[in-house]
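> The numbering of the sequence shown is this note's numbering, which starts it at -7 and goes up by one.
Once you've had a glance at the structure underneath, I'll fire off some questions.
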Amino acid sequence: MSRSIRAITATVAALLLATACNSTATNNSPEGKGSSARGVTADSIKVGGIVSMTTASGYSKKDTDLGAKARFARADAEGGVNGRRIDYLGAEDDGQDPAKNLAAARKLVQQDKVFAIAPMSSVTFSGADFLQKQRVPTFGWGTLPSFCGPTYIYGFSGCLVPMPGGTISQTWPEGLKNVTGGSKGRTVAILANDNDAGTFAIRTYKQSFASAGYKVTYAKAAVPATSVPSDWSAYTKEMLRSDGGKAPDAVVSVMQTPYNIGLFTAVKRTGFKGVLTDPTDYDPGLLTKSATRQALDGVHVLLSFEPFESATADMKQFKADIKKAAGGKDVPLNMHMLTGYMSADLFLAIAEKAGKDLTVASFQQAAKGFSDTKTLVGDRQLPRGQKESFGCGALVQLKDGKYRVSSPFECYPPIPFK
């Protein structure tokens, strides 16, 4: 077991121990019989979010907040949750800074007295330990280890970065088979940022692609996360010679948009004719700039939800809710909106099941046996989703200024994480 995995495992064990030690509620706790739950009144439930609105690289998840507002607004319009409206405070901006992430969590709990945090969307989640100890139900995209194990933290599409003994979603490599004509004899090179998220992504996807039958010729978390490189040759030279001196059949990037633009532009300039893919660049707003459109043209993007191009009733509802929350305007849809929307949606579904007597204890009890089907992220089930992903997703390709579905939304059996 690697040092990083041991550290994460120890952290989760500590969190679970802290939860067990604090399991006896008193009249002064959010679960005590003599007081109401924190953030819950007779007619409202207070919720706040934490989102990376601004970052040093210019990358922004600000529309995550709009997605949450849209879903909460519809819940209120339909009568609230068991008669209570959602008092959504909006999202705190953590600037993708660990210190600010923790500060935002402390503010929302200690000062604003929220019952839950939804959404939490950042590449850093230093506030996870605090929120777990304070027993604050927290919802976001489960792309960080903190969404895998702690009992009060939920990924809207499950746990995407599994712990040892857990499982790995096969959506990406299995979906990519539809693009590469299968995996037999096919090779992939995987690149990520040099941070915790990148390290775990490499560990996970290296195993995932290999299990699906691909030969992984290169897999490194090597790109500095603090700034986008101006020269990508140090990475492209090694990657594009990794298959015995030849280029791999597919280049897999597990990075954010500014990095992907630089990497894919550099790779294309070498004359590479293989497949380019990432889990980030599904954003019609990116198409407004010709340079960005050109850099990302041909890229297949992994989604853990139904593509916006789908014509299902749920997708139509999502689009209508976003338009209403945007003041009646037809705004370009992006995956950040879906992140906020589905984080809010999972919270609302569990809160509804918890009933009129809403406390942290009743909420957690409802979560233990929660399940539903055919949502925008597939079939949901807890507590399974705190150990593994829901295993559903699709691929879309940006081609000639438009997205098209290159691998349909489907659910795949997960594999054990070793």
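From the three backbone atoms N, C-alpha and C, an ideal C-beta is built for every residue, glycine too.
Between the stretch 200 to 216 and the stretch 143 to 159, do at least 3 Cβ pairs fall closer than 8 Å?
Contact between the stretch 200 to 216 and the stretch 143 to 159 is absent, because fewer than three Cβ pairs lie under 8 Å.
> Run through DSSP, which three-state label would Met112 get?
Walking along the sequence shown from the start, residue 112 turns up at place 120. Three-state result, Met112: strand.
> Can you name the residues that DSSP bridges to Ile42?
Position 50 of the sequence shown, counting from 1, holds the residue named residue 42. For Ile42, which the question treats as bridged, DSSP gives the partners Glu84, Met112.
> Would you report the Cα separation of Gln162 and Phe339, rounded to the nearest angstrom?
By 1-based counting over the sequence shown, the position of residue 162 is 170. By 1-based counting over the sequence shown, the position of residue 339 is 347. Each residue's Cα considered, the two are about 25 Å apart.
> Taking all protein chains shown into account, do 16 or more other C-beta atoms lie within 10 angstroms of the C-beta of Arg261, making it buried, or fewer, making it exposed?
As a working mapping, residue 261 is identified with position 269 in the sequence shown. Exposed.
> Quick check: Leu81 and Ala97, are their CB atoms within less than 9 Å of each other?
In the sequence shown, counting from the first residue as 1, residue 81 sits at position 89. In the sequence shown, counting from the first residue as 1, residue 97 sits at position 105. Against a cut-off of 9 Å, the Cβ pair of Ala97 and Leu81 comes out as no contact.
> Quick one: is Val43 buried, meaning 16 or more other Cβ sit within 10 Å of its Cβ, or exposed?
Locating residue 43 in the sequence shown gives position 51, counting from the first residue. With 16 or more Cβ atoms within 10 Å of its Cβ, Val43 is classed as buried.
> Buried or exposed for Asp57, going by 16 or more other Cβ atoms inside 10 Å?
Taking the first residue of the sequence shown as position 1, residue 57 is located at position 65. Result: buried.
> Given a threshold of 16 other Cβ atoms within 10 Å of its Cβ, counted over all protein chains shown, does Asp55 qualify as buried or as exposed?
Taking the sequence shown and counting its residues from 1, one reaches residue 55 at position 63. The residue is buried, with at least 16 neighbouring Cβ atoms inside 10 Å.
> Look at the alpha carbon of Thr257 and the alpha carbon of Ala287, and state the distance between them as a whole number of angstroms.
Looking up residue 257 in the sequence shown gives position 265. Looking up residue 287 in the sequence shown gives position 295. Answer to the nearest angstrom: the Cα atoms are 5 Å apart.
> Which value, in whole angstroms, describes the spacing of the CA atoms of Leu100 and Thr272?
The sequence position of residue 100 within the sequence shown is 108, counting from 1. The sequence position of residue 272 within the sequence shown is 280, counting from 1. For Leu100 and Thr272, the distance between alpha carbons rounds to 28 Å.
> Kindly indicate the opening and closing residues of the beta strand (DSSP E) around Phe131.
Counting from one through the sequence shown, the residue named residue 131 turns up at place 139. 130 to 132 is the span of the beta strand (DSSP E), which, as asked, contains Phe131.
> What residue range is occupied by the uninterrupted alpha helix (DSSP H) comprising Gly167?
Within the sequence shown, the letter at position 175 stands for residue 167. Gly167 -> alpha helix (DSSP H) spans 163 to 172.
> On the three-state DSSP scale, how would you describe Pro216?
In the sequence shown, the residue the question calls residue 216 occupies position 224. Residue state, collapsed to three classes: coil.
> Counting C-beta neighbours from all protein chains within 10 Å, is the total for Ser222 16 or more, i.e. buried, or is it exposed?
As a first step, residue 222 is located in the sequence shown; it is residue number 230 there, counting from the start. Answer is exposed; the Cβ neighbour count stays below 16.
> According to the neighbour-count rule (16 or more other Cβ atoms, all chains shown, within 10 Å of its Cβ), is Arg396 buried or exposed?
Taking the first residue of the sequence shown as 1, we reach residue 396 at position 404. Burial call: exposed.
> Tell me Leu232's beta-bridge partners as DSSP assigns them.
As a working note, residue 232 is residue 240 in the sequence shown. Note: Leu232 sits in no beta bridge, so no partner.
> What residue range does the alpha helix (DSSP H) around Val352 cover?
Locating residue 352 in the sequence shown gives position 360, where the first residue counts as 1. Looking at the DSSP string, the run of the alpha helix (DSSP H) that includes Val352 is 352 to 360.
> Determine, using beta carbons only, whether Arg354 and Thr159 come nearer to each other than 9 Å.
The count along the sequence shown starts at 1 and reaches residue 354 at position 362. The count along the sequence shown starts at 1 and reaches residue 159 at position 167. Looking at the sequence shown, residue 354 is not Arg but Ser. No. Outside cutoff.
> So, at 6 Å on beta carbons, what are the nonlocal neighbours of Glu298 in its own chain, with the 5 sequence-adjacent residues on each side left out?
Taking the sequence shown and counting its residues from 1, one reaches residue 298 at position 306. Contacts found: Met307, Leu368, Phe401.
> Note the first and the last residue of the continuous alpha helix (DSSP H) segment covering Ser203.
Reading the sequence shown from its first residue, position 211 is the one you call residue 203. Where Ser203 is concerned, the enclosing alpha helix (DSSP H) stretches over 188 to 203.
> Thinking Glu316 and Ala65 are a contact (beta carbons under 8 Å), I'd like their distance in whole angstroms, please.
What you label residue 316 is simply residue 324 of the sequence shown in a count that begins at 1. What you label residue 65 is simply residue 73 of the sequence shown in a count that begins at 1. Glu is not the amino acid found at residue 316; the sequence shown has Lys there. Correct: roughly 7 Å between the Cβ atoms.
> Report, in whole angstroms, the separation of the C-beta atoms of Thr331 and Gly59, which I expect to be a contact under 8 Å.
On the sequence shown, position 339 is the one that residue 331 refers to. On the sequence shown, position 67 is the one that residue 59 refers to. Thr331 to Gly59, Cβ: 6 Å. Contact.
> Count the C-beta pairs between the stretch 186 to 199 and the stretch 125 to 138 that are closer than 8 Å, then say yes if the count reaches three, no if not.
The answer is yes - the stretch 125 to 138 touches the stretch 186 to 199, with three or more Cβ pairs under 8 Å.
> Give me, in chain order, the residues of the same chain whose beta-carbon lies closer than 8 Å to that of Gln126; leave out the 5 immediate sequence neighbours on both sides.
Your numbering for residue 126 matches position 134 in the sequence shown. Once the five neighbours on either side are set aside, the close Cβ partners of Gln126 are Val101.
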